[in-house]
Structure formats: structure tokens, C-alpha cells
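To keep things clear, I will list the structure first and then write my remarks on it.
Protein chains: 2
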Amino acid sequence: MCALVPVSCGAAPKNMGEILASSALSDWRTPDPGNTLYLELGTGRVVIELAPQFAPLHIANIRKLVRAGYFDGLAVIRLQDNYVAQWGDAEGTRALPAGVGDVAAEFDAGISPSMHFTPLPDKDGYAPQVGFTDGFPSARNEQLHLTWLAHCYGMVGVGRDENPKSSGAELYAVIGHAPRHLDRNVALVGRIVKGVELLSSLPRGKGELGFYNKVESPLPIRTVRIAADVPIAERSNLEILRTDTPLFTALVESRRNRPEPWFKVQAGNIELCNVPLPVREP
Amino acid sequence: MCALVPVSCGAAPKNMGEILASSALSDWRTPDPGNTLYLELGTGRVVIELAPQFAPLHIANIRKLVRAGYFDGLAVIRLQDNYVAQWGDAEGTRALPAGVGDVAAEFDAGISPSMHFTPLPDKDGYAPQVGFTDGFPSARNEQLHLTWLAHCYGMVGVGRDENPKSSGAELYAVIGHAPRHLDRNVALVGRIVKGVELLSSLPRGKGELGFYNKVESPLPIRTVRIAADVPIAERSNLEILRTDTPLFTALVESRRNRPEPWFKVQAGNIELCNVPLPVREP
Chain R
4 MCALVPVSCG AAPKNMGEIL ASSALSDWRT PDPGNTLYLE LGTGRVVIEL APQFAPLHIA
64 NIRKLVRAGY FDGLAVIRLQ DNYVAQWGDA EGTRALPAGV GDVAAEFDAG ISPSMHFTPL
124 PDKDGYAPQV GFTDGFPSAR NEQLHLTWLA HCYGMVGVGR DENPKSSGAE LYAVIGHAPR
184 HLDRNVALVG RIVKGVELLS SLPRGKGELG FYNKVESPLP IRTVRIAADV PIAERSNLEI
244 LRTDTPLFTA LVESRRNRPE PWFKVQAGNI ELCNVPLPVR EP
Chain L
4 MCALVPVSCG AAPKNMGEIL ASSALSDWRT PDPGNTLYLE LGTGRVVIEL APQFAPLHIA
64 NIRKLVRAGY FDGLAVIRLQ DNYVAQWGDA EGTRALPAGV GDVAAEFDAG ISPSMHFTPL
124 PDKDGYAPQV GFTDGFPSAR NEQLHLTWLA HCYGMVGVGR DENPKSSGAE LYAVIGHAPR
184 HLDRNVALVG RIVKGVELLS SLPRGKGELG FYNKVESPLP IRTVRIAADV PIAERSNLEI
244 LRTDTPLFTA LVESRRNRPE PWFKVQAGNI ELCNVPLPVR EP
């Protein structure tokens with residue numbers, strides 16, 4: 004019996020709610036306002052945490068685009084069911100601000116000692132190792148000394164054409180089953196930490212690949228801002244669970260082998276994109 | 004070079020569109036109208052193919068519920084982002100028709116020689132073997148002589164409380180990243196083959212677990228019918244790609260190693276719930 008729930012062996016195993024209720028302040032982190040985007044829609048705010056350790060060139064571009072007001076007044080232009088929401092310039096006529104152009108592909112990054120990586124105990128077929136780097140779902144190939152972000156639900160990436168270079172002026176968010184075949188094929192730049200449902204519940208586009216066609220009404224973007232540029236009183240006050248703590252390891256285990264009596268068969272396994280990354284508003 | 008695209012080695016590898024364009028009539032099958040449900044919403048029709056080889060008791064119940072008009076006038080009562088859409092009787096006051104009650108759990112089934120199973124070449128951590136049985140994503144444990152349906156996007160299951168028995172009067176569809184930890188914990192009864200976006204794009208419920216609360220307006224269900232009971236002229240005329248053919252094997256390979264020039268790194272792998280199951284209207 005005990006082997007099924009190793010973390011809590013000898014005591015009643017805790018479920019996720021109980022684990023979070025037992026967390027200390029130090030189990031949470033506050034995202035850096037300089038690395039946080041607010042995508043302001045008429046329906047509310049989508050909060051994106053950026054990951055410059057993985058895509059510094061694209062994120063430098065995105066900062067310039069945001070501060071030049073490039074995204075303001077553009078729209079969500081694509082909603083493909085079980086795949087992505089994409090926003091940018093449908094007409095392709097809005098000029099990029101000075102100093103912003105295509106930059107080199109950032110499909111993966113070197114493994115840096117400053118990255119805090121927590122491996123998952125379970126494997127998948129897409130990478131030699133998967134886990135969480137500084138709070139982001141990610142994968143590693145230590146032989147190649149490479150790491151990359153993984154296309155889990157809510158991850159934000161940079162649209163591109165066949166050219167591996169891209170600017171960051173067109174962004175998408177994953178709103179379906181993780182399209183992990185895109186890993187290492189696009190620059191992922193961050194993750195939606197709040198408000199993904201404002202995108203995932205939009206009407207699906209009727210055009211090819213889920214692009215909205217001309218008679219549909221794409222949802223306009225009011226503004227995109229960097230949290231650090233927003234008055235403190237208007238910022239979203241969020242805390243994100245750290246992924247490099249014993250508490251997080253216990254949480255992963257409580258999802259590998261669910262202790263709730265509802266579950267009759269425990270999976271003994273968890274896939275990277277099924278691990279919850281809790282966010283709270285203190 | 005050739006090793007990357009084994010199926011098409013020596014010739015230009017085909018992408019999914021090209022493979023489907025080369026399909027023969029015999030690569031497709033017409034779902035049995037007796038095993039097809041129409042969930043009629045104000046916004047359109049959701050078509051569900053039932054899998055009685057996996058859950059005969061629940062599906063017998065569902066047939067009785069449908070023919071008694073049990074679902075007509077009920078509503079979608081739950082929409083939890085990245086998880087499930089659920090429909091049934093929010094009030095719990097509608098009586099079940101005569102002859103319908105809780106039946107034994109159907110979390111898995113014996114492996115029968117009449118099941119056509121096509122294994123995937125890739126493994127996952129949830130089961131010794133995964134693949135497709137008669138067109139449905141499924142898993143197998145040959146040592147235990149057991150097989151079960153897998154919780155991929157669009158799969159339809161039977162809601163239950165802590166009791167492992169259930170009736171089939173409350174149903175849900177997966178509308179997010181595959182919750183594979185539910186495998187072998189509920190009776191899955193089929194798959195949405197058309198119209199899943201009518202559910203996945205609904206507003207998320209604001210109540211606990213995504214249930215709609217009293218001030219929200221759940222989407223009403225006009226009727227649920229068995230296709231065989233609907234006049235032929237009103238039926239959805241669908242063909243579903245067979246999963247037990249060389250063409251399907253080639254399709255899987257074209258998704259394991261994507262030949263489109265857009266892809267710079269091939270995954271060499273595909274996860275069960277990322278395999279497309281094409282449906283067409285001839």
C-alpha cells in the first residue's frame with residue numbers, strides 16, 4: 004500500500020489543496036514586473052510572464068514593440084480549436100518601430116547555471132528530460148547542453164513563416180492539447196499566468212487554420228503593456244508557486260498518485276503539461 | 004537524411020494533406036447510425052460516436068435516456084477551462100426513466116479479438132501500450148488482458164461521484180490538455196467527431212470546478228438523439244478515417260516526423276492525443 008504514495012508514506016497523503024494550504028510564503032514568488040506583460044482585452048486582462056533566459060533577442064524586441072504601442076488597437080486574428088490563439092496585425096500593414104526586425108531563431112538555449120531546473124520523475128518521448136526551469140515547463144538534452152521551453156497549455160510563442168527568424172510582432176498562445184511537435188521549432192517567450200480563458204473561450208475562426216475571415220469580428224486588443232510601466236495600483240498582484248522547492252515536489256507527487264478517494268486507479272505518472280502551476284492573488 | 008523519414012524514404016515524404024488526398028474510399032468508414040449521438044444545441048450539432056465495445060452497460064443506459072427524451076431541455080452545466088464541458092441535470096430533480104439506474108464501473112474492458120488495435124510506435128508513461136482501437140484512442144495492458152479508452156481531446160465520459168458506479172445521465176467531453184490521470188477512473192463512452200468547438204468555445208463557468216453558477220446562463224440542450232432515429236435527410240453525412248490501414252500508419256509517421264519545410268527540427272515521436280483522426284463530409 005505504502006509504495007503507491009511514497010511522499011506521504013506513513014501519514015495520510017495530502018491532496019493539492021491541502022499541500023497549498025500548508026505552503027509558506029517562501030514557496031511562492033512574485034513575477035518580475037519588468038518581465039510581465041498585460042494584454043488588455045475588452046473582456047479583461049491576460050497576464051503573461053516572460054522568460055528572457057530562453058529568448059532574450061525576441062523579448063528585447065517585444066519590449067520595444069510594447070513600448071512603441073505597436074500592439075495597441077490590433078486584434079486576436081486566429082483561433083484554431085484545440086491549438087492556438089494568435090494576435091497581431093491581420094493586414095500586415097502596420098510598420099514595425101525603429102530598431103525592431105527579425106532576429107536569430109531562439110528555439111533552444113544553452114544550459115546556464117543560473118537556471119533552476121527541477122526534473123520530473125517521469126519521461127516522455129519528446130526529450131531526454133523534462134521538468135520546470137524557473138517556473139516554466141521545459142525540456143533538456145544534457146548531452147547537447149541544450150534546454151528549451153515546452154509547448155504546454157498557456158505557453159506563448161512567436162509566430163513565424165518558413166524563415167526560422169522572426170521579430171515577435173505576432174504572438175500566439177497554446178489553448179489546446181500541447182502541440183509538443185512545435186518544441187524547438189519556434190521561440191517560446193513566456194506563459195500566461197492569468198486570464199488564458201479570455202482567449203480559449205473565443206469563437207473559433209472560420210478561415211483556414213482558424214484565422215478569422217473578413218466577415219467575422221476579431222476581438223480587439225486595447226493595449227499591451229509591461230507591468231513595470233503600469234502604476235502600481237493598477238498592477239495585477241500575483242504570486243506564482245515556485246517549482247524548485249520540496250513543497251512543489253510533494254505537489255507533483257500528489258498529482259502522480261492522486262490521494263483523493265474519488266480516484267480508484269492511480270496513474271503513477273504525470274505528463275509535463277499536466278502539472279499544475281498554481282497562481283494566487285494574496 | 005533518409006532515416007528521418009522512414010516511411011517515404013527514397014521519395015519526397017508526404018504531409019497529412021497529401022496523404023489524405025491519396026486515400027481510397029476503403030481508407031474511410033461510415034460511423035454506425037445506431038452508435039452515433041446528435042447533441043443538438045442552439046448553436047449547432049455535436050456528433051458523438053459511441054464505443055459500445057468498451058462500455059456496453061453505460062451505452063445501453065444512454066440509449067434508454069436518449070429515447071426517453073431525458074436530455075432534452077437540460078443544459079451544459081459546467082465549463083472548466085483546459086479540462087471538461089459537462090451536461091446534464093443541474094438541479095438533480097429530473098427523474099431517470101424506468102429501467103435506468105447505476106450500472107457497474109466500466110473503466111476498462113477485456114481485450115477481445117473483434118477489436119482492431121493499431122499500436123503507436125511511441126510509448127507514454129500512462130500505459131504499457133497505446134494506439135487506436137476501432138478508431139478510438141486507447142491503451143492496453145496485455146499482461147492484464149485489459150484495454151481502455153484514453154482521455155484525449157473530444158472524448159466523452161460519464162460523470163460520477165465517489166461511487167464507482169454511474170448511470171450515464173451526466174456526460175462530459177474533454178476540451179483541454181488530455182487528463183490522462185482520469186483513464187481507468189471513469190467510463191468513457193465515445194468521442195466527438197464533429198462540433199467539439201461548440202462546447203470548447205463556451206464561456207468558462209465561474210463556480211467551483213467550472214460549474215455555472217445561478218446568475219450565469221448555461222447553454223440549453225434542445226435534444227439528444229440517436230442518428231438511427233433521425234430521418235436520413237437530417238443526418239450528418241460523415242466519414243471517419245480508419246485507423247487500421249497502411250494509409251493511417253503513413254499518416255502517423257508524417258506527424259512523427261513532419262515533412263513540411265516549416266519544421267526545422269523533427270520530433271521523431273508522437274503522443275497518442277496528438278494524432279489527428281480526420282473526419283470528412285463526402
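Top line first, the protein sequences correspond to chains R and L. Residue numbers for the first sequence follow the numbering used here, so the first one is 4 and each next one is one higher. Residue numbers for the second sequence follow the numbering used here, so the first one is 4 and each next one is one higher. Idealized CB from N, CA, C, for every residue including glycine.
Cα-Cα separation, L/Gly91 to R/Lys168: For the purposes of this step, residue 91 of chain L is identified with residue 88 of the second sequence, where counting begins at 1. For the purposes of this step, residue 168 of chain R is identified with residue 165 of the first sequence, where counting begins at 1. Each residue's Cα considered, the two are about 49 Å apart.
Limits of the beta strand (DSSP E) - the one that R/Val218 falls within: Residue mapping note: residue 218 of chain R aligns to position 215 of the first sequence, counting from 1. Note, R/Val218: premise wrong, no beta strand (DSSP E); not H, not E.
Please classify R/Glu256: is it buried, with 16 or more other beta-carbons within 10 angstroms of its beta-carbon, or exposed? Residue 256 of chain R sits at position 253 when you count from the first residue of the first sequence. Burial call: buried.
Could you confirm whether any beta carbon from chain R is found closer than 8 Å to the beta carbon of L/Trp90? Counting from 1 along the second sequence, the entry for residue 90 of chain L is found at position 87. For L/Trp90, the nearest beta carbon of chain R is not closer than 8 Å to its own beta carbon.
R/Ala236 (DSSP reduced to helix, strand or coil): Numbered from its first residue, the first sequence carries residue 236 of chain R at position 233. Correct three-state label for R/Ala236: helix.
Counting only C-beta atoms, is L/Pro264 closer than 8 Å to chain R at any point? Position 261 of the second sequence holds residue 264 of chain L. So, interface residue.
If I'm right that R/His119 touches R/Asp30 with Cβ under 8 Å, what's the distance once you round it to whole angstroms? Here residue 119 of chain R is taken as the residue at index 116 of the first sequence, counted from 1. Here residue 30 of chain R is taken as the residue at index 27 of the first sequence, counted from 1. No, R/His119 and R/Asp30 are not in contact; Cβ-Cβ is about 14 Å, not under 8 Å.
Quick one: which chain L residues come within Cβ less than 7 Å of R/Pro167? Numbered from its first residue, the first sequence carries residue 167 of chain R at position 164. For R/Pro167, the C-beta contacts it makes with chain L under 7 Å involve Lys267, in order along the chain.
Mind listing which residues of the segment 187 to 200 of chain R have their C-beta closer than 8 Å to chain L's C-betas, in chain order? Arg187, Asn188, Val199 and Glu200
Tell me which residues of the segment 108 to 138 of chain L have at least one Cβ-Cβ distance to chain R shorter than 8 Å, keeping chain order. Ala108, Phe110, Asp125, Lys126, Asp127, Gly128 and Tyr129
Does the segment 228 to 244 of chain R come within contact of the segment 95 to 114 of chain R, defined as at least 3 CB pairs closer than 8 Å? no
Per DSSP, what kind of secondary structure is R/Ala207 in: helix, strand or coil? Position 204 of the first sequence, counting from 1, holds the residue named residue 207 of chain R. A small fix is needed here, since residue 207 of chain R is Arg in this sequence, not Ala. Note: R/Arg207 maps to coil in three-state DSSP.
Between which two residues does the alpha helix (DSSP H) containing L/Pro59 stretch? The residue given as residue 59 of chain L occupies position 56 in the second sequence. Pro59 to Arg70 is the extent of the alpha helix (DSSP H) around L/Pro59.
Status (buried if at least 16 other CB within 10 Å, exposed otherwise) for R/Gly162: Start at 1 with the first residue of the first sequence, and residue 162 of chain R comes out as number 159. R/Gly162 comes out buried.
Does the pairing of the segment 51 to 59 of chain R with the segment 183 to 194 of chain R give three or more beta-carbon distances under 8 Å? yes
With a threshold of 16 other CB atoms inside 10 Å of the CB of L/Val218, please say whether the residue is buried or exposed. Walking along the second sequence from the start, residue 218 of chain L turns up at place 215. Burial call: exposed.
In angstroms, rounded to a whole number, what distance separates the CA positions of L/Asp105 and L/Ile62? Residue mapping note: residue 105 of chain L aligns to position 102 of the second sequence, counting from 1. Residue mapping note: residue 62 of chain L aligns to position 59 of the second sequence, counting from 1. When rounded, the distance between both Cα atoms is 12 Å.
Could you work out which residue in R/Phe214, R/Met158 and R/Ser170 is closest to R/Ile178 when comparing CA atoms only? The residue labelled residue 178 of chain R in the question sits at position 175 within the first sequence. Residue R/Met158 is the option with its Cα nearest to R/Ile178.
Starting from the beta carbon of L/Arg207, find every residue of chain R whose beta carbon is closer than 7 Å, and list them in chain order. Position 204 of the second sequence, counted from the start, is the residue given in the question as residue 207 of chain L. Below the 7 Å Cβ cutoff, chain R contributes Glu200 and Ser204 as neighbours of L/Arg207, in chain order.
Got a sec? Which residues, its chain only, sit under 8 Å from L/Leu222 by beta carbon, not counting five neighbours each side? Walking along the second sequence from the start, residue 222 of chain L turns up at place 219. Within the same chain, L/Leu222 has close Cβ partners Leu44, Gly45, Thr46, Ala78, Val79 and Leu205.
Count Cβ pairs between the segment 270 to 285 of chain L and the segment 131 to 145 of chain L that sit closer than 8 Å; are there 3 or more? Segments in contact, yes.
Simplified DSSP assignment, three categories, for L/Met158: Translated into the one-based positions of the second sequence, residue 158 of chain L becomes position 155. If DSSP states are grouped into helix, strand and coil, L/Met158 belongs with the strands.
Straight-line Cα distance separating L/Arg225 from R/Leu40: Residue mapping note: residue 40 of chain R aligns to position 37 of the first sequence, counting from 1. Residue mapping note: residue 225 of chain L aligns to position 222 of the second sequence, counting from 1. Cα to Cα, the separation comes out at about 42 Å.
Under 7 Å between beta-carbons, which chain L residues line up against R/Asp84? List them in chain order, please. If you number the first sequence from 1, residue 84 of chain R lands on position 81. Chain L residues near R/Asp84: Val199, Glu200 and Ser203.
What does L/Ala231 touch in chain R if you count any residue whose Cβ is under 8 Å from its own? Start at 1 with the first residue of the second sequence, and residue 231 of chain L comes out as number 228. Within chain R, no residue comes near L/Ala231; the closest Cβ sits about 28 Å away, beyond 8 Å.
Any beta carbon of chain R sitting closer than 8 Å to that of L/Cys182? Counting from one through the second sequence, the residue named residue 182 of chain L turns up at place 179. Residue identity differs from the one stated: residue 182 of chain L is Pro in this sequence, not Cys. Yes - at least one Cβ of chain R is within 8 Å of the one on L/Pro182.
What does the Cβ neighbour count give for R/Ser141, buried or exposed, with the cut at 16 atoms within 10 Å? If you number the first sequence from 1, residue 141 of chain R lands on position 138. Around the Cβ of R/Ser141, a 10 Å sphere holds 16 or more other Cβ atoms; the residue is buried.
Using a Cβ-Cβ distance cut-off of 8 Å, determine whether R/Tyr175 contacts chain L. Numbered from its first residue, the first sequence carries residue 175 of chain R at position 172. So, not an interface residue.
Tell me the start and end of each unbroken alpha helix (DSSP H) in the segment 107 to 172 of chain R that is at least 4 residues and wholly inside, in chain order. none
According to DSSP, is R/Ile22 part of a helix, a strand, or is it coil? Position 19 of the first sequence holds residue 22 of chain R. R/Ile22: helix per DSSP, three-state reduction.
Presumed contact (8 Å Cβ cut-off) between R/Glu21 and R/Ala58, rounded CB distance: For the purposes of this step, residue 21 of chain R is identified with residue 18 of the first sequence, where counting begins at 1. For the purposes of this step, residue 58 of chain R is identified with residue 55 of the first sequence, where counting begins at 1. That pair is no contact at about 36 Å.
What is the DSSP secondary structure of R/Leu201, counted as helix, strand or coil? On the first sequence, residue 201 of chain R is found 198 positions in, with the first residue counted as 1. In this structure, R/Leu201 counts as helix in the three-state DSSP scheme.
By alpha-carbon positions, which one of L/Ala172, L/Tyr73 and L/Asp186 ends up nearest to L/Asn144? The residue you call residue 144 of chain L lines up with position 141 of the second sequence. Cα-wise, what sits closest to L/Asn144 is L/Asp186.
At 8 Å on the CB atoms, spell out the chain L contacts of R/Tyr156, in chain order. On the first sequence, residue 156 of chain R is found 153 positions in, with the first residue counted as 1. In chain order: Asn85, Gly179 and His180.
R/Leu254: first and last residue of the uninterrupted alpha helix (DSSP H) it sits in: Here residue 254 of chain R refers to the residue found at position 251 of the first sequence. Its alpha helix (DSSP H) spans residues Pro249 to Arg259.
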